[in-house]
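What follows is a short report on a single structure.
Encoded structure:
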C-alpha cells in the first residue's frame, strides 16, 4: 500500500533523513520506533507532503505522490493523526468529527463512519456537544483518532498516540488501534513507547539519527538484545 524509497530530507543544512526506505502492506500495522529526534515524525510529515523532500520516491496505493499536495491526500485515503492531537479546541466534539469528513459526499456513508467512531469511542458520543478544548488528554487523543477515521482512510498514520497519557489510557488507545486495524484499516504507527508499539505491530523499523538501523518482524525485534537495551529498558 505504501512504499518509501531512498527518502532524504533536509532542514536547512541539516540532513535529517538519510536514504529512508520501507514499505507497508495492506492490512498491516507497521511501526517506526526510535529515540526522540530520530526522524520518525519527519518521515510522516514528508509522506503527508507537509515538509519537502530533497530526493526519494513515495508511492501510495500505486500512485506516485511526488506532486500531490497535502490536502488532496485525504480523499486518496491517506490520513494522519498528528503528534499532540491538535483538535479544534473551540469547536465541539461533533464539529471536530464533521471536519474529518469534509471530503466525503455520501451522507449515508458518513453516518455509518460516525456510528463506527462512536462504537470505538463511546466517550465521544457522550461528549458530542462539549468543546474539544475541555476534554482530557486521553479524550482528545480519541477525538483526533476519530476525526481521522471520519475521512474513511485506507492508511491511518499515527504520530505518538501514547504521548502524555496514563498507562491505563495507553493500553486503551492501543487496544482501539488494534480494533481499527482488524476492521480493515492499515496502520503506520510512530511511537516512542517501543514495547507497546512492538506488542501490536506486524513489522517494525528502528530509526537512529535519521537512518533505519534495524527492521523485521515485531516479535523478533521485541526479543532483540540491542533493541531491548536501547528502547525497552532491559
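Numbering (the working numbering), first residue to last: 515 to 748. Backbone N, C-alpha and C define an ideal beta-carbon position, used for all residues, glycine too.
Per the C-alpha coordinates, the member of 565, 722 and 630 positioned closest to residue 523 is 565. When the beta-carbon positions are compared, residue 724 and residue 556 come within less than 9 Å of each other.
DSSP, read as helix, strand or coil, puts residue 694 in helix. Taking C-beta atoms under 8 Å as the contact rule, residue 601 and residue 672 fail to qualify, at a distance of about 15 Å. From the listed residues 619, 707, 577 and 638, the smallest Cα separation to residue 666 is found for 619.
Across the structure, residue 706 and residue 540 are spaced so that their CA atoms are roughly 24 Å apart.
Restricting attention to 547, 726 and 645, the CA atom closest to the CA of residue 710 is found in 547.
If you draw a straight line from the Cα of residue 655 to the Cα of residue 700, it comes to about 19 Å. Here DSSP, grouped into helix, strand and coil, assigns residue 668 to coil. Between the alpha carbons of residue 652 and residue 567 lies a distance of about 33 Å.
Contact check for residue 553 against residue 571 fails: the beta carbons are separated by 9 Å or more.
Here the stretch 691-700 makes no contact with the stretch 614-628; the two share fewer than three CB pairs at distances below 8 Å. Using a Cβ distance threshold of 9 Å, residue 733 and residue 712 count as a contacting pair. Remark: C-beta atoms of residue 628 and residue 649 do not approach each other more closely than 9 Å. For residue 586, the uninterrupted alpha helix (DSSP H) segment begins and ends at 584-590.
Between the alpha carbons of residue 607 and residue 574 lies a gap of roughly 30 Å. Taking C-beta separations shorter than 8 Å and ignoring five residues to either side along the sequence, the partners of residue 678 in its chain run 651, following chain order. Close CB contacts of residue 657 within its chain, under the 8 Å cut and outside five residues either way in sequence, are with 599, 601, 607, 610, 611, 635, 638, 646 and 649 (chain order). If the five residues before and after residue 715 are omitted, its C-beta is found closer than 7 Å to the C-beta atoms of 543, 544, 545, 703 and 732, all from its own chain and listed in chain order.
Residue 721 holds the alpha-carbon nearest to the alpha-carbon of residue 532 among 745, 721, 735 and 739. By alpha-carbon distance to residue 660, the top candidate from 735, 726, 593 and 538 is 593. Judged by beta-carbon spacing, residue 697 lies beyond the 9 Å limit of residue 687, meaning their Cβ atoms are not closer than that value. Excluding the 5 residues flanking it on each side, residue 664 has same chain C-beta neighbours closer than 6 Å at 611, 614, 615 and 627, in chain order. Every alpha helix (DSSP H) of 4 residues or more that sits fully in the stretch 526-609 is shown, in chain order, as 554-561 and 584-590.
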